[in-house]
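Read the structure below first, then the notes.
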Amino acid sequence: MSNDKRAASAPWIRTRLRTAPGAATALAVLVLVTAFLAAAFPRAVDAYESKGLRHDIATADAGRSTVEIARPQPGLELPQEQREAETRNPELTRVGTALLKALPAPLRADASSVAYGVRTTKPSVATEPWLPRPDAVPPKLTYVAQSGLKDHATLASGAWPTAPDGVTADSRAVQGAVTEETAAELKVKVGATITLLTAAQEPITVTITGIVAPRDPKGSYWSADPLLRSPSLVPDPSSSFPVNFWTGTVLLAEDTGPVLLSTAAEPVVFWRFPPDPTGLTGPDGSRLTSVIASLESGPGLLKVRRIAGGTAVVGTGLGTIVEANARMRDAIGPVIAVAGLGISSVAAVVLLMTGALIAARRRDELALMRSRGGSLHGIGGRLLAETAVTVLPASALGLLLAVLLVDEGRWWPGALAAAGVALLVCVALPVRTTLQHIRPTLHGAREDMVSARPSRRRTVAELTLLVLAVGAVTALRRRGTSTGGGTDLQVSAAPVLVALIAALVLVRIYPLPLRLAARPMARLRGAIGFLSLARAGRSSAGGALPLLALLLALATAAFGGSVIAGIGDARDDAALASVGADARVSGMGDRATLPDELVRTVSGLDGVRDAAPVRVEYSVTMPEAAAGDGAGTRTDTAADTGTAGDDAADAGDAATAALVGVEPASYAELARTHGLPAFPAARLRATGPSAPLPEGTEAGPERVLPAIASPAVAARLGKEPRAVRTLSGDFQVQVVGTTAHVAAVSSTNFLIVNAASLEQQAPTTLLLAGAPDSGKLRAAVDENGKKFVVQLRSEERARYVNTPMQAGAERIYLAAVAAGAGYALLAVLLSLLQTAPERKTLLARLRTMGLTTAQGRRLLAFEATPQALLAAGGGLFTGWATIALLSPGVDLVPLALAGVAGSDTGPVPLRTDLWSLGLPAAGVVALAAAVAGVQAWWASRRGSITELRAGDSR
């Protein structure tokens, strides 16, 4: 019997596919695209998380990321031969190989850069007279006998250092080398000798036989201990005066470690394992953190000590790097979940609409089968079989494309997502059809939204969804998108629930304007207006499901566009706060001043619109906080241009501030150009006691200069004149206004005065507005020497897009905007196609009554207008309301600025993007009008006899 059933079902499936190949192909394409997006989303998340983890480890300083296992020199209680053997290459190689194999997964080391040896930890004073002494203090050097020198360096001059046979702790002569940087700074030449004293004050002569150049100066071999590559001038902590001395490292020949055992420089045996991040994936981050913690102080450390000795310790900053990556991932994840849930909800509703369209087209056919004795099980099984034949291959192909195009990521989340798409489509049509045909039905009554009354069950369901939406939005506003314990799906689904409630509310109120408009239309002589409103009220295209799809798509597109716009605006603001203008020219030192010729040359370059010379003096000591009414209050003459003085931070936080001397007119114009708060230039007018001074003229401390201050500084100074001492002169300042931002400095505490009133007026910084050519600008600055620095806002802006995790998350949101807009247009098309046969029949009947072609086009256009305007207007309002409701709980700092040193990490809220709101909504209206016009044109080409047949029930 089963064979008969299979034989009977096969012709049915082939017949159906041959009868409607276009519908089957369209369904397959829709499923293919949706399955691809569903499978690509988790793989894309995995990909940017994996690349972000690898990037953070690979770009971190080698001194932080390298895993170093070290132990003190062998104990003095051991025989001398055993102590020396433990510091020779064979033993170090054996232990290093065992440690390399013992590293727990997923931690893997870069075997080509593994280094081991013996090094001193206490610098030794080098008393050679030819060594440089900047402050009459001799340099202090460390010594290391490290493996792999010839593999990681090239010989610049001289010869490679070699170890004589049988080097012991009693040896008193060894060979060594230094890098080119060390040789240049410490004046070391080939053949020079340096004396290293033993614990018994006996000299060990170290002969420099060669100068080497690192092959990869930034690699872990040279950067795990930067002194191996470059010497450093450091302050002497034991001196009561500010004196500096040189410190560096001498590279001894391999296998000369035993000689260091006789010194008092506290030698240690070490093995360095730089991590290899190429095989790491995003999910490995938590395991890697656990493994590192175990190595530092856990079971892993016990295993290390069994191999390297009971006194071995593990030191690394890799755990901190991974934890910082995890914090960024946890902060970005909830924001990405909002986009993922929004697009998945839109896709699900569109797939359900597709099933509804297919069911509506085959309703009469299936009703006939049911009336002739067809069972629900048999009808549902046939529908499931014919749907699966189309859907399953398309879903599998979508998964395959996702795997091929998104080359990283776990396979099973994508497979589950693609399987979910296939399951939804395969189940939706049979279930919907079965529910519609539980009882055999005759031709039913027409669907009329105007006269329809919602049932009690629908009311209860809508109220339940309303409560869920309100709870989700309230939770998001209170605690933000990050809950501290992962992604909260209810919070991330808040935009979806808001759009859902808006759809249900709009469906409820939609009949009201139709009823109001139908009454006056019925009194008019023309039939087009009344017929279009009547058709709009009866059409199923205005139902909850199509409207829900449109609102979800438009809200998701608006939310994604706001995220992208917020990221861009935050990066622009951070770059402006860092540079101060479109371009900035300043000295390398805080006290370096700009020559007048340089200011004139740069100001006259092509592309420079405005130039504002500024004198900046940092860390000016402010007077003690004013007592009584002066502290924390505004002066009678002061008016705020930014944050009010009485809302400022505690005045005690402004013990020091930056003094900024400006030309009020040029600075006010530059502030206006860059969108900064309006600068009250008139209040800094240099008149009376603050009149300009001739250059170099000294003025008494009784001079009172008007000043614009930050809120905290204004609260500290009060309303009375206060004396300040600066390198630009001693004077008194009186706060006449406050502003929250100043272009010249990034400090939050500052004091702005008229530069013409200062004793020292030479500018230290030149701020430029415009788009000068970077090459010409740097060339003009370099003509005045190499002591000036050029900063460009565009280059600073580019620093914020170099993190794979941020770039990947931003690409996902761009895809969300595009997918949301695409699904919105598809929802409009599906809703109009569902009622296309009814409209064609209506036009055919009306043409038999004298309706012209032009009237038919207007009728279809007017019929589609209410639904299109409802969807577009509802989408605009829903998108705006979603952003307004959720913006207090969403912080875009992890996406916009995280991971960039020195960036402004203040809160970055959502900002409404008008293009993301308006373009998809306008596309909905345009597509609805275009489809209506095409349908009217196509119907006018077909005769009425073709559309109207005897006995047709339409």
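Numbers -16 to 937, taken from our numbering, label the letters of the sequence shown in order. Don't be surprised by glycine CBs; every beta carbon is placed ideally from N, CA and C.
Q. Can we say the stretch 234 to 249 touches the stretch 125 to 139, given the rule of at least three CB pairs closer than 8 Å?
A. Counting Cβ pairs under 8 Å, three or more are found: they touch.
**Q.** Span separating the alpha-carbon of Pro396 from that of Ser33
**A.** Distance between Pro396 and Ser33, taken at the CA atoms: about 15 Å.
Q | At least 3 beta-carbon pairs within less than 8 Å: the stretch 557 to 572 vs the stretch 528 to 540 | A | Three or more Cβ pairs closer than 8 Å define a contact, and the stretch 557 to 572 falls short of that threshold against the stretch 528 to 540.
**Q.** Classification of Ser814 by the beta-carbon crowding that lies within 10 angstroms, buried from 16 upward
**A.** A buried status is given to Ser814, since no fewer than 16 other beta-carbon atoms sit within 10 Å of its beta-carbon.
Q.
By the DSSP assignment, the beta strand (DSSP E) with Asn227 in it spans what residues?
A. Looking at the DSSP string, the run of the beta strand (DSSP E) that includes Asn227 is Asn227 to Leu235.
(Q) Assuming Ala875 is part of the alpha helix (DSSP H), what are its boundary residues? (A) According to the sequence shown, residue 875 is Leu rather than Ala. Element bounds for Leu875: n/a, residue is neither H nor E.
Q) Can you give, in chain order, each stretch of the alpha helix (DSSP H) that sits fully within the stretch 265 to 309 and has at least 4 residues? A) Those alpha helix (DSSP H) runs which fall completely within the stretch 265 to 309 and span 4+ residues are 267 to 280 and 282 to 291.
Q: From the DSSP output, in three-state form, read off Pro218 for me.
A: In this structure, Pro218 counts as strand in the three-state DSSP scheme.
Q. Based on Cα-Cα distance, which residue from Pro241, Gly79, Val296 and Gly281 lies nearest to Val150?
A. The residue with the shortest Cα to Cα distance from Val150 is Pro241.
Q: Give a yes or no on whether the C-beta atoms belonging to Gly325 and Thr457 are separated by under 9 Å.
A: No, these two residues do not count as a Cβ contact at 9 Å.
**Q.** Length of the line joining the Cα atoms of Glu185 and Ala45
**A.** Note on geometry: alpha-carbon atoms of Glu185 and Ala45 lie some 36 Å from one another.
Q. Considering Arg54, what are the terminal residues of the beta strand (DSSP E) in which it resides?
A. Its beta strand (DSSP E) spans residues Val50 to Pro55.
**Q.** Glu646, DSSP secondary structure in three states
**A.** In the structure shown, Glu646 sits in coil (DSSP, three-state: anything other than H, G, I, E or B).
Q. DSSP three-state call for Lys123: helix, strand or coil?
A. If DSSP states are grouped into helix, strand and coil, Lys123 belongs with the strands.
Q: Please name the residue, chosen from Ala41, Asp756 and Leu244, that lies closest to Arg71 on a Cα-to-Cα basis.
A: Nearest of Ala41, Asp756 and Leu244 to Arg71, Cα basis: Leu244.
Q: Determine the direct distance from the alpha carbon of Gly100 to that of Pro122, and round the result to whole angstroms.
A: Answer to the nearest angstrom: the Cα atoms are 24 Å apart.
Q) Taking Leu734 as the reference, which of Leu384, Arg116, Met336 and Arg699 has the closest Cα? A) Out of Leu384, Arg116, Met336 and Arg699, Arg699 has the C-alpha closest to the C-alpha of Leu734.
Q. Tell me the DSSP bridge mates of Arg598?
A. Beta-bridge pairing by DSSP links Arg598 to Gly644.
Q) Using the rule of at least 16 other Cβ atoms within 10 Å of the residue's Cβ for burial, across every protein chain shown, is His38 buried or exposed? A) Note on His38: 16 or more other CB atoms within 10 angstroms of its CB, so buried under the neighbour-count rule.
Q: Flag this pair as yes or no: are the beta carbons of Arg894 and Ser870 separated by less than 9 Å?
A: Contact flag set, yes.
Q. Any chance the stretch 634 to 648 sits against the stretch 591 to 608, with 3 or more Cβ pairs inside 8 Å?
A. The stretch 634 to 648, when compared against the stretch 591 to 608, does touch it at the 8 Å Cβ threshold.
Q.
According to DSSP, Phe256 sits in a beta bridge with which residue or residues?
A. According to DSSP, Phe256 bridges with Val50.
Q. How would you call Lys702, buried or exposed, if buried means at least 16 neighbouring beta carbons within 10 angstroms?
A. So Lys702 counts as buried.
Q) Considering only the beta carbon of each residue, do Gln892 and Val873 sit closer than 9 Å? A) Reading off the sequence shown, one finds Pro at residue 892, where the question assumed Gln. Pro892 places its beta carbon less than 9 Å from that of Val873.
Q: Quick one: measure Cβ to Cβ for Ala385 and Ala864, integer angstroms, because I've assumed they're closer than 8 Å.
A: So it is not a contact: roughly 33 Å between Cβ atoms.
Q: Taking the CB atoms as reference points, tell me whether Ala541 and Leu900 lie closer together than 9 Å.
A: Going by C-beta atoms, Ala541 is nearer than 9 Å to Leu900.
Q.
Tell me which residues share the same chain as Gly712 and place their Cβ nearer than 7 Å to its Cβ, disregarding the 5 neighbours each side in the sequence.
A. A distance below 7 Å between beta-carbons, with the five flanking residues on each side excluded, links Gly712 to the following residues of its chain, in chain order: Ala682, Leu741, Glu742 and Gln743.
Q: Give the range of the alpha helix (DSSP H) segment to which Arg353 is assigned.
A: Per DSSP, the continuous alpha helix (DSSP H) segment holding Arg353 begins and ends at Arg346 to Ser354.
**Q.** Gln744 - DSSP class collapsed to helix/strand/coil
**A.** Under the three-state reduction of DSSP output, Gln744 falls in the coil class, being neither helix nor strand.
Q. What is the DSSP secondary structure of Tyr493, reduced to helix, strand or coil?
A. If DSSP states are grouped into helix, strand and coil, Tyr493 belongs with coil.
Q: Determine, using beta carbons only, whether Leu176 and Val189 come nearer to each other than 9 Å.
A: For the record, residue 176 in the displayed sequence is Thr; it is not Leu. Yes, the pair counts as a contact, with Cβ atoms nearer than the cut-off.
**Q.** Within the stretch 542 to 599, ranges of the alpha helix (DSSP H) (whole runs, at least 4 residues)
**A.** Taking only runs of at least 4 residues, the alpha helix (DSSP H) segments lying wholly in the stretch 542 to 599 are 579 to 586.
Q | Supposed contact pair Ile691 and Pro663 - C-beta distance, whole angstroms, cut 8 Å | A | With a Cβ gap of about 7 Å, Pro663 and Ile691 count as contacting.
Q: Along the alpha helix (DSSP H) that carries Asn72, what are the first and last residues, could you check?
A: Note, Asn72: alpha helix (DSSP H), Asn72 to Ala85.
Q) Taking the C-alpha atoms as reference points, what is the distance between Ala781 and Pro55? A) Cα to Cα, Ala781 sits roughly 46 Å from Pro55.
(Q) Is it buried or exposed, Asp896, if we count other Cβ atoms within 10 angstroms and call 16 or more buried? (A) With 16 or more Cβ atoms within 10 Å of its Cβ, Asp896 is classed as buried.
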